[in-house]
Amino acid sequence: MIELGLGARREPDAEFLQFAKQLGVPNIILHTPPVRGEGYWDFQHLVQLRRSVEAAGLKLAAIENVPDSFMDQIKQGGPGRDEQIENMQKTIRNIGRAGIPVLGYHFILLGVWRTDYTPTGRGGARVSKYNHALVENAPITEIGEFDDETLWANLEYFLKAVVPVAEENGVKLALHPDDPPVPVIAGTARIIRSIEAYKRVMDIVPSPSNCIEFCQGTISEMAITPEEVYEAIRYFGSQNKIAYVHFRNVRGMVPEFEETFIDEGRIDMLKALQAYVDSGCDTILIVDHTPGMVDDTGWGHRGRAFAIGYMKGMLKSVYG
9 MIELGLGARR EPDAEFLQFA KQLGVPNIIL HTPPVRGEGY WDFQHLVQLR
59 RSVEAAGLKL AAIENVPDSF MDQIKQGGPG RDEQIENMQK TIRNIGRAGI
109 PVLGYHFILL GVWRTDYTPT GRGGARVSKY NHALVENAPI TEIGEFDDET
159 LWANLEYFLK AVVPVAEENG VKLALHPDDP PVPVIAGTAR IIRSIEAYKR
209 VMDIVPSPSN CIEFCQGTIS EMAITPEEVY EAIRYFGSQN KIAYVHFRNV
259 RGMVPEFEET FIDEGRIDML KALQAYVDSG CDTILIVDHT PGMVDDTGWG
309 HRGRAFAIGY MKGMLKSVYG
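Following our numbering, the numbering of the sequence shown begins with 9 at its first residue and continues without gaps.
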């Protein structure tokens with residue numbers, strides 16, 4: 009069964025939880041919440057976080073991303089990576105023991121890149137854009153250069169250390185692709201940039217806990233056809249590898265694209281939804297990066313409400 013969630017907030021404050029309840033969204037996914045702990049997340053505080061969501065009649069379905077300081081040495085293969093891996097193992101154990109089923113993460117050294125955020129969307133909505141020609145000459149950062157081979161080796165080292173711990177504790181680790189999915193920015197490779205890369209990750213440590221955060225927006229940014237996007241949904245969904253979904257749409261693809269409202273863009277979102285259903289997977293769809301609407305809040309309440317309403321209508325048409 010496909011369900012809806014609401015994410016991209018750090019804390020489950022009363023307004024956020026009430027907004028989710030009013031929209032009829034049962035699942036909450038928190039983005040890098042401020043959980044206590046020095047280099048890892050404290051068990052007791054994670055329990056308190058889950059209980060604060062449940063007190064509103066909702067479910068804490070996942071936490072996505074840890075602070076950059078938890079994994080920078082892991083990604084770079086630096087001298088502190090074994091200590092960080094031990095702390096990540098502790099975090100994963102605590103998440104599982106706290107009753108939180110999913111931890112989303114990424115292996116991107118330089119984060120998400122965009123080149124514009126302008127009011128050029130439908131009706132003057134503000135949309136984010138990426139044009140690779142504008143960043144081709146980006147200078148090397150203080151972390152230096154990293155090629156594909158190095159990052160794949162670092163990711164494999166990490167997965168072999170943490171996936172068994174996640175499986176032992178009933179936690180799914182959900183990997184987000186590199187956004188934008190281009191080969192390199194500022195001398196740093198971006199390895200999770202294709203469907204084949206995702207398949208390679210699944211093969212490194214075969215496990216029900218080695219899963220993906222299917223960012224449909226980023227997948228749609230890849231230089232593939234819409235049908236290949238639907239096929240990827242069916243492929244990973246049929247293997248129960250999709251822990252949850254960033255359900256958003258884009259116009260164009262690498263090397264140049266822009267994000268759009270959910271009802272426009274290159275992907276037929278109803279076909280995409282049907283692909284999730286046909287795959288037989290149980291997963292959660294959340295809105296992500298919605299365009300900025302007139303008089304919207306900084307978090308994007310209006311844009312998210314529009315997307316959630318559209319998604320609820322599609323689910324009704326599919327399930328009846």
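For every residue, glycine included, the Cβ atom is placed at its ideal position computed from N, Cα and C.
Only a predicted model underlies this, so the values are computations on that prediction, with no experimental measurement involved.
Query raised in the report: Helix, strand or coil: how does DSSP classify G88 here?
Result: Correct three-state label for G88: coil.
Query raised in the report: Using DSSP with H/G/I as helix, E/B as strand and the rest coil, what is E62?
Result: The answer is helix: DSSP assigns E62 an H, G or I state.
Report task. State whether the region 315–325 contacts the region 37–49, with contact taken as three or more CB pairs (one from each stretch) at a distance under 8 Å. Result -> Pairwise C-beta distances place the region 315–325 out of contact with the region 37–49, as fewer than three of them are shorter than 8 Å.
Query - Three-pair Cβ contact test at 8 Å for the region 165–178 versus the region 125–133 - result: The answer is no - the region 125–133 does not touch the region 165–178, with fewer than three Cβ pairs under 8 Å.
Query raised in the report: Who does N218 pair with in a DSSP beta bridge?
Result: Answer is L181.
Report task. Using only alpha-carbon positions, find the residue among G132, L118 and D21 that is nearest to E150. Result -> In terms of Cα proximity to E150, the closest of G132, L118 and D21 is L118.
**Report entry** beta strand (DSSP E) segment containing D124, residue limits
**Finding:** D124 -> beta strand (DSSP E) spans D124 to T126.
Requested in this report: Check each candidate in L159, H254 and W160 and name the one with the smallest Cα separation from G15.
Outcome: For the residues L159, H254 and W160, the minimum Cα distance to G15 belongs to H254.
Query raised in the report: According to DSSP, which residues form a beta bridge with T196?
Result: Here T196 is bridged, per DSSP, to F154 and I193.
Query raised in the report: Is H297 near R256, with beta carbons less than 8 Å apart?
Result: Using a Cβ distance threshold of 8 Å, H297 and R256 count as a contacting pair.
Query raised in the report: Assuming P299 contacts F269 under a Cβ cut-off of 8 Å, what Cβ separation, rounded to an integer in Å, is found between them?
Result: The pair is a contact, with the Cβ atoms about 6 Å apart (cut-off 8 Å).
Query - Candidates V74, P263, W49 and Q30, of which the one nearest H184 by Cα - result: Residue nearest to H184 within the set V74, P263, W49 and Q30 is V74 (criterion: CA-CA distance).
**Report entry** Neighbourhood of F51 by C-beta, 7 Å cutoff - its chain only, sequence neighbours within 5 removed
**Finding:** Within the same chain, F51 has close Cβ partners N102, R105 and A106.
**Report entry** Supposed contact pair N162 and I82 - C-beta distance, whole angstroms, cut 8 Å
**Finding:** 7 Å between Cβ atoms; contact.
Query - Exposure of G65, with buried meaning 16 or more beta-carbon neighbours within 10 Å - result: Under this definition G65 is an exposed residue.
Query raised in the report: Would you say E275 and G13 are within 8 Å of each other, going by their C-beta atoms?
Result: Reading the sequence as shown, one finds Ile at residue 275 and not Glu. For I275 and G13, no; Cβs fall outside 8 Å.
Requested in this report: Spatial neighbours of A240 within its chain, please: CB distance less than 7 Å, with the 5 preceding and 5 following residues excluded, ordered by chain position.
Outcome: Closer than 7 Å at Cβ, skipping near neighbours: I203 and I227.
Query raised in the report: Under a Cβ-count criterion, where at least 16 other Cβ atoms within 10 Å of its own Cβ denotes burial, should A329 be classed as buried or exposed?
Result: Look at the range of the chain in this structure, 9 to 328, and you will see that residue 329 is not part of it.
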